[in-house]
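Engineer: Residue numbering for the sequence shown follows this note's numbering, starting at 7 and increasing by one per position. Cβ coordinates follow ideal geometry from the N, Cα and C atoms, glycine included.
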Amino acid sequence: MKKLIFTMATLGIIISLATAGWGLVVVDEDFDAYDIDSSLTGQGGWLIETPGVYGTCVIADVCQTPDGCATPQRAVRWQAPGGSISGTRPWDNVMKREFPVIWNGGISTFYISIMIEATADSSESGNFSYVKLTDTSGTEATRIYISKGTGATGNLAILGRQGSVEGAVWQPALSQNVPSGEWRHIKLVVDVDNKKYDAYVGDGDKSGVNEGHWTSKADDAYFYAYANGLAQLRWNMYRMGDVFVQPTYAYLDNIYMEGPDDNLQPTQMTEIWVAKGVYNEQPQLREFTHVIGGFAGTERRKEDRNGWANPTVIDAGNTVEGSAVVTGANVSTIEGFTITGGYYGVDCSRTSPNVTNNVIIGNINAGVYCSASFPTLNNNTISGNGTGVSCIGKSPHINNNIITYNNIGIAAEGSNPTLLHNNVYSNQNGGYIGLDMGSSDISYPPLFVNQAQGDYHLKSSSPCIDRGDSKAAPKYDIEGNPRSMDGNGDGSAIADIGAFEVQPPPGLRKLLELRTGTNGDLARNIDAIVTRVWPNFFYIETPDRTCGIRVRKAGHQMEPGMGADVIGAIQTNIDGERYVEAMSAYQYGIGSIEPLLMPNKALGGSDFFFYSESGEGQEGIIAYQFVKKPDGKWVCELSELQGINNIGLFVTTFGKVVAIGDGCFYIDDGSRCHSNDETLPGVCLKVALPEGAEPPAEQSFVQVTGISSCYKSGNSLYRLLLVSSADDITTLMDAPQPN
């Protein structure tokens, strides 16, 4: 069997198995270096989703890099945890993976690799793991069983179930004794119609090619006599008894299913969801497998992904003649990636993949190379390659693509591609070589937001908006946004050309409404001026200086004094500060904002329409103040007079530098206000330095201009002044010199 080069050794991959049909199904393949622990909680990047009544959804912790994994580094490794077993039965501690692989008749073949890691000095047995097949009623039909033997061995067996459900017995037990650490590669041939199976086992490669016949007689190998089709492949690991000082591990790898060829349903085969990152490799697709990028690692539905927020880049770094970033396969999909750094971007030679919703840039010869093939290219942005699409023989389908700024747009030799609604523009040596322009194609500047910065979103004035073929377009764009949308507001929802679908602009909202709105609300604001900027975020403020807010946008081009047109989602960050997660941020006029002069204790302010349950408003800082008691003592008390919330405003304050921290310093202006920072009690205001800036001298008096912000410690927010440049710190009086 052909090896899928997308492996867990190098990719943070999320797997979604939508296998409700027949045909070749790749359930798992050679996922080295991923250690899945038994807690089934946490924040790892591995998800197996099994839709429908036969499946469950489980997220498990994973090791993200090979260096962080225990040895040996194998896939799908479940370790029975230490400690006593909870529950009323000794086998209550069970972990499982379920894969729906439904078929109702005919012969299907499974290829499964299994290995046990047993400790030599442990004579105890009891840990066991098995892969089982259940029928459509959920009743177990047969299993491949691996258990802890004595010493450094494991027992591997295939069992069949006979008789009624109530009186079923397992027989026969086709078994082998397997030394620890040695793989056994099983081929299990299941005949659903005749209720039989036949087993082979090998110790050579993982494909099961070098197997020996395991079953003594085919007639002996029956599974559950009343099974009604087979519905599910499930892997369980049980731990029997009490604490094992020396745990046993079971490993599962290389699961394939080959189903009856007369009932192929290739559109419902395996999906591989790929987490964000830059992958320096050259993956080869395999048949009936759909590889989709743009995931953060927590999504449960494909449409929840955001390929812009979670860029998934395959950069081959190999421009040797004939090399490709991605090699295609029949009935396969590559979707949601930036594909770059190859001689070819996608090589479809003699294959017919679906190439959908990708940004294909910076490939020496061709973005997509089609030789003797019938691939379908839908809604890609293909730019900055030698040739955008090269067609030699056969007739690819090329629909809704932006093909611009290449050396050649589309070149055909002995080929008659179908062209629908593409924008082929400004290709240096010709848009169409060897073929005519498609009747529905256009040739206009696409008006990317910022091509130089790699932003291939369409500006609101782009001629590609609402100019595609909605029937050919995928249901979602590269970001998981729905197609087809009315991006130009003319009342007609038509698919856009290219990888990005322009969404209808949200309604205009005042900046004050951004501060009071609910997390997740989409909004647009055009009534604010940029006050200060950092590489990946900036602040805007109303001209009357009543409120401001942070805007997060990677690679933004905003500068202080620009008016801002911002579209994005209202959010609250981990430090409790409201911000806008911007989808777009453009200049909208100019303006000027002067900072407000404030004493230290005025920064921050109280709650502002804050409701934690609904995610509305801005939480206030927790303010302590030194109060003089009748006995003359000063006592730190919680102040109820915190003032109006001003987080996000452009301010100036003064004070004596009383302490210097890591990337920050602290000032006190004598306003007798306490920050409650336990590391520096009595200090009033924390000032965050810009990267690389030196703090002023301790005991000097300074004027500081920046943004009133906050940071979280425990469950409370505290004052923070953000400074974007060393020029915003002015020394008014040097520190006194010692005598």
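So, are the CB atoms of Asn183 and Gly155 less than 8 Å apart?
Structural biologist: Yes. Within cutoff.
Engineer: Along the alpha helix (DSSP H) that carries Leu751, what are the first and last residues, could you check?
Structural biologist: In this structure the chain extends from 7 to 745, so residue 751 is not present and cannot be described.
Engineer: Within 10 angstroms of the Cβ of Met564, are there 16 or more other Cβ atoms? Answer buried if so, exposed if not.
Structural biologist: Flag for Met564 reads buried.
Engineer: Using three-state DSSP, classify Asp733 as helix, strand or coil.
Structural biologist: Asp733 falls in the helix class under three-state DSSP.
Engineer: For Gly392 and Ser329, what's the separation of their Cα atoms in angstroms?
Structural biologist: Rounded to the nearest angstrom, the two C-alpha atoms are 14 Å apart.
Engineer: Counting only the same chain and skipping the five closest in sequence on each side, list residues whose C-beta sits under 7 Å from that of Ala163.
Structural biologist: Cβ within range, chain order: Tyr151, Ala179, Leu180, Ser181.
Engineer: Please confirm whether Asn433 and Ile414 have their CB atoms less than 8 Å apart.
Structural biologist: Contact flag set, yes.
Engineer: Tell me which same chain residues have a C-beta within less than 7 Å of the C-beta of Thr273, skipping the five on either side of it?
Structural biologist: With a pLDDT of 29 at Thr273, under the threshold of 50, the modelled position of that residue is not reliable, and the figure given next carries that caveat. So the list is empty, once near-sequence residues are dropped.
Engineer: Measuring alpha carbon to alpha carbon, tell me which residue in Leu383, Ala372, Val365, Asn161 is nearest Pro359.
Structural biologist: Selected option, being the one with the closest Cα: Leu383.
Engineer: Measuring CB atoms only, is the stretch 525 to 542 touching the stretch 713 to 732, in the sense that at least three cross pairs come out at less than 8 Å?
Structural biologist: At 8 Å Cβ cutoff, the stretches touch.
Engineer: Nearest by alpha-carbon distance to Pro451: which of Gly649, Gln288, Ile532, Tyr431 is it?
Structural biologist: Taking only the C-alpha atoms, the option nearest Pro451 is Tyr431.
Engineer: According to DSSP, simplified to helix, strand and coil, what is Asp204?
Structural biologist: In the structure shown, Asp204 sits in a strand (DSSP, three-state: E or B).
Engineer: Since Thr318 is in the beta strand (DSSP E), which residue starts that stretch and which ends it?
Structural biologist: Run containing Thr318: 318 to 324, per the beta strand (DSSP E) assignment.
Engineer: Taking the straight line between their C-alpha atoms, what separation do you get for Ile416 and Asn428?
Structural biologist: Each residue's Cα considered, the two are about 11 Å apart.
Engineer: I think Val361 touches Val374, with their Cβ atoms under 8 Å apart; what is that distance to the nearest whole Å?
Structural biologist: With a Cβ gap of about 6 Å, Val361 and Val374 count as contacting.
Engineer: Residues in the same chain with beta-carbon distance under 6 Å from Glu811, minus the five sequence neighbours each way, listed in chain order, please.
Structural biologist: Residue 811 is absent from the model: the chain starts at 7 and stops at 745.
Engineer: Which residues mark the beginning and the end of the beta strand (DSSP E) in which Cys716 is found?
Structural biologist: That run of the beta strand (DSSP E) goes 707 to 719.
Engineer: Cα-Cα, which of Gly394, Asp204, Ala158, Tyr206 is closest to Gly187?
Structural biologist: That would be Ala158, whose Cα lies nearest to the Cα of Gly187.
Engineer: Helix, strand or coil: which one does DSSP assign to Gln168?
Structural biologist: DSSP places Gln168 in strand when its eight states are reduced to three.
Engineer: Asp668: buried (16+ other C-beta within 10 angstroms of its C-beta) or exposed?
Structural biologist: Counting Cβ neighbours within 10 Å, Asp668 comes out exposed, since fewer than 16 surround it.
Engineer: Does the distance from the C-beta atom of Cys345 to that of Val331 stay below 8 Å?
Structural biologist: Checking the displayed sequence, the identity of residue 345 turns out to be Ile instead of Cys. Yes, the Cβ-Cβ distance between Ile345 and Val331 is below 8 Å.
Engineer: By Cβ distance below 6 Å, which residues in the same chain neighbour Ser396 in space, the five residues on each side in sequence not counted?
Structural biologist: Same-chain partners within the cutoff: Ala372, Tyr375, Ala417.
Engineer: Let's see if you can read the secondary structure: which residues bound the beta strand (DSSP E) around Ser677?
Structural biologist: Unbroken run through Ser677: none, as it is neither H nor E.
Engineer: In terms of residues, what are the limits of the beta strand (DSSP E) holding Gln624?
Structural biologist: It spans 622 to 624 - the beta strand (DSSP E) in which Gln624 sits, taken as one unbroken run.
Engineer: Would DSSP call Glu587 helix, strand or coil?
Structural biologist: Glu587 falls in the strand class under three-state DSSP.
Engineer: Counting only the same chain and skipping the five closest in sequence on each side, list residues whose C-beta sits under 6 Å from that of Phe614.
Structural biologist: Gly623, Gln624, Asn651, listed in sequence order.
Engineer: What separation, rounded to the nearest whole angstrom, lies between the Cα atoms of Ile713 and Val455?
Structural biologist: Roughly 28 Å between the two C-alpha positions.
Engineer: Can you tell me whether His219 is buried or exposed, with buried defined as 16 or more other CB within 10 angstroms of its CB?
Structural biologist: Flag for His219 reads exposed.
Engineer: Thinking C-alpha only, which one of Ile398, Leu695, Val198, Lys662 is nearest Leu236?
Structural biologist: For Leu236, the nearest C-alpha among the options comes from Val198.
Engineer: Using a Cβ-Cβ cut-off of 8 Å (strictly less than) and excluding sequence neighbours within five positions of Ala322, which residues of its own chain qualify?
Structural biologist: Answer for Ala322: Asn286, Glu287, Gln288, Ser329, Ala330, Val331, Thr346, Gly347, Gly348, listed in chain order.
Engineer: Could you say which of Lys692, Asn316, Trp189, Asn386 lies nearest to Met589 if we only look at CA atoms?
Structural biologist: Comparing Cα-Cα distances from Met589 to each of Lys692, Asn316, Trp189, Asn386, the minimum goes to Asn316.
Engineer: According to the Cβ coordinates, are Gln459 and Gly561 closer than 8 Å?
Structural biologist: A contact, by the Cβ cut-off of 8 Å.
Engineer: Would you kindly report the start and end of the unbroken beta strand (DSSP E) that includes Leu464?
Structural biologist: It spans 461 to 464 - the beta strand (DSSP E) in which Leu464 sits, taken as one unbroken run.
Engineer: What do you get for Leu727, buried or exposed, if any count of 16 or more other CB atoms within 10 angstroms of its CB means buried?
Structural biologist: That one is buried.
Engineer: Give every residue of the same chain whose Cβ lies closer than 6 Å to the Cβ of Gly595, excluding the five residues on either side of it in the sequence, and list them in chain order.
Structural biologist: So the qualifying residues of the chain are Gly569.
Engineer: Considering only residues of the stretch 468 to 539, which uninterrupted alpha helix (DSSP H) runs meet the minimum length of 4 residues and lie entirely inside it, listed in chain order?
Structural biologist: Qualifying alpha helix (DSSP H) stretches, in chain order: 517 to 522.
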